[in-house]
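**Q**
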Amino acid sequence: MSEAPPVDPKIEAGWKAAMAPEFGEAYFADLVGFLRKEQALGKIIYPAGSRMFAAFEHTPWEAVRVVVLGQDPYHGPGQANGLCFSVQPGVRPPPSLKNMFKEMATDVGAPISPHGDLTSWADQGVLLLNAILSVEAHQAASHRNQGWESFTDAVISTLSREKEGLVFLLWGGFAKKKSALINSEKHHILMAAHPSPLSAYNGFFGCGHFSKTNVLLRDEGLPEIEWALPAIEV
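Read in order, the letters of the sequence shown are residues 53 to 286 in my numbering.
1) Quick check on residue 223: does DSSP put it in helix, strand or coil?
2) Where in the segment 179 to 220 do unbroken runs of the beta strand (DSSP E), each at least 3 residues long, occur, reported from the N-terminal end onward?
3) Among the residues of its own chain, which have a CB less than 7 angstroms from the CB of residue 66, if the five just before and after it don't count?
4) Tell me, which residues are paired with residue 98 by DSSP?
5) Return helix, strand or coil for residue 243, following the three-state DSSP convention.
6) Rounded to a whole number of angstroms, what is the C-alpha to C-alpha distance between residue 71 and residue 108?
7) Measuring CB to CB, does residue 80 end up less than 8 angstroms from residue 199?
8) Could you give the C-beta distance for residue 135 and residue 87, rounded to a whole number, given that I count them as a contact under 8 angstroms?
9) If you draw a straight line from the alpha carbon of residue 172 to that of residue 178, how long is it in whole angstroms?
10) Just confirm the distance between the C-beta atoms of residue 223 and residue 244, as a whole number of angstroms; I'd bet it's less than 8 angstroms.
11) Mark residue 144 as exposed unless 16 or more other C-beta atoms lie within 10 angstroms of its C-beta, in which case mark it buried.
12) As an exercise, report each continuous alpha helix (DSSP H) stretch of at least 4 residues that is fully enclosed by the segment 117 to 143, in chain order.
13) When you compare the CB positions of residue 155 and residue 226, do they come within less than 8 angstroms of one another, or not?
14) Since residue 284 and residue 110 should fall inside the 8 angstroms C-beta cutoff, what is the C-beta to C-beta distance between them, to a whole number of angstroms?
15) Let me know if residue 240 comes out buried or exposed under the rule of 16 or more other beta-carbons within 10 Å of its beta-carbon.
16) Any idea what DSSP makes of residue 66, helix, strand or coil?
17) Is it the case that the segment 206 to 221 contacts the segment 256 to 273, given that we only count it when at least three CB pairs across the two stretches are under 8 angstroms?
18) Indicate whether residue 184 and residue 123 have their beta-carbon atoms separated by less than 8 angstroms.
19) Could you tell me the distance, in whole angstroms, from the CA atom of residue 117 to the CA atom of residue 191?
20) Under a three-way DSSP split, which group does residue 269 fall into?
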């Protein structure tokens, strides 16, 4: 028998209202039960439970302007902070993120950041959403097919249905498949290769998505994103 989901999940109020139907679904109860059992077995799970919904906390429902889709959290110690592609301050930026910085430098002249904390993007309305919101330490994709994908697909579908003029950045084959959930007549969809070193030279470098996003936002009458990351103390 599945455990009941949290009655009051720790998620920003606007998101809680928008996604309320999902919290009562059987898959969500199964997901919560899975996470509790993994924790009871003493397994280390990233990010910390308090940060699993960090993307929604930093980018409230009413603030979403841009959506970046990732796959699952980093599985190394101290890396994942609940925002896709982002790492905690003091952690060396992973290769894909370094390539994002290279493209930003070419595209919008942003200086290459020594840190990889993308919180400043999230605070400006960039929803940094992984399809899977948790992972076992050192076990990539270990929480695949446990229910997170159903929830995050519902997030994308709900954004598509309830909002207009959002910019979706879909990098790589996995993210591109999510375009089926987005109404392209209401929203802007920019697709490119993944920034991974394995594919960045096959269409990510030169995609110009950072400047294109700001042009689209400006056309919607919305503020542009300041892509350059602020200096932080580590």
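Built from N, CA and C at the ideal position, the CB exists for glycine as well.
Keep in mind the model is a prediction, meaning the values are calculated, not measured.
**A** The structure says:
1) The residue labelled residue 223 in the question sits at position 171 within the sequence shown. Strand, per DSSP.
2) none
3) In the sequence shown, residue 66 corresponds to position 14, counting from 1. If we look at residue 66 and ignore the five residues flanking it on each side, its Cβ neighbours are 112, 113 and 114.
4) Along the sequence shown, read from residue 1 onward, the residue named residue 98 stands at position 46. Answer by DSSP bridge pairing, in chain order: 187.
5) As a position in the sequence shown, residue 243 is number 191, starting the count at 1. Of the three classes helix, strand and coil, the one that applies to residue 243 here is strand, per DSSP.
6) Against the sequence shown, residue 71 aligns to sequence position 19. Against the sequence shown, residue 108 aligns to sequence position 56. Residue 71 and residue 108: Cα-Cα distance of roughly 11 angstroms.
7) Looking up residue 80 in the sequence shown gives position 28. Looking up residue 199 in the sequence shown gives position 147. Yes, Cβ-Cβ distance for residue 80 and residue 199 is below 8 angstroms.
8) The residue given as residue 135 occupies position 83 in the sequence shown. The residue given as residue 87 occupies position 35 in the sequence shown. Not quite, the Cβ-Cβ distance comes to about 19 angstroms (not below 8 angstroms), so this is no contact.
9) Translated into positions along the sequence shown, residue 172 becomes position 120. Translated into positions along the sequence shown, residue 178 becomes position 126. One C-alpha to the other measures close to 9 angstroms.
10) Against the sequence shown, residue 223 aligns to sequence position 171. Against the sequence shown, residue 244 aligns to sequence position 192. Their Cβ separation, rounded to whole angstroms, is 5 angstroms, which keeps residue 223 and residue 244 in contact under 8 angstroms.
11) Indexing the sequence shown from 1 puts residue 144 at position 92. Exposed.
12) none
13) To locate residue 155, count along the sequence shown from 1; it is residue 103. To locate residue 226, count along the sequence shown from 1; it is residue 174. No; because the gap between Cβ atoms is not below 8 angstroms, this pair is not in contact.
14) Here the question's residue 284 lines up with position 232 in the sequence shown. Here the question's residue 110 lines up with position 58 in the sequence shown. Going by Cβ atoms, the distance from residue 284 to residue 110 rounds to 15 angstroms, so no, they are not a contact pair.
15) Taking the sequence shown and counting its residues from 1, one reaches residue 240 at position 188. The residue in question, residue 240, is buried, as its Cβ has 16 or more Cβ neighbours within 10 Å.
16) Residue 66 sits at position 14 when you count from the first residue of the sequence shown. Residue state, collapsed to three classes: helix.
17) yes
18) Taking the first residue of the sequence shown as 1, we reach residue 184 at position 132. Taking the first residue of the sequence shown as 1, we reach residue 123 at position 71. In this structure, residue 123 lies closer than 8 angstroms to residue 184 by Cβ.
19) Here residue 117 refers to the residue found at position 65 of the sequence shown. Here residue 191 refers to the residue found at position 139 of the sequence shown. One C-alpha to the other measures close to 32 angstroms.
20) Walking along the sequence shown from the start, residue 269 turns up at place 217. The answer is helix: DSSP assigns residue 269 an H, G or I state.
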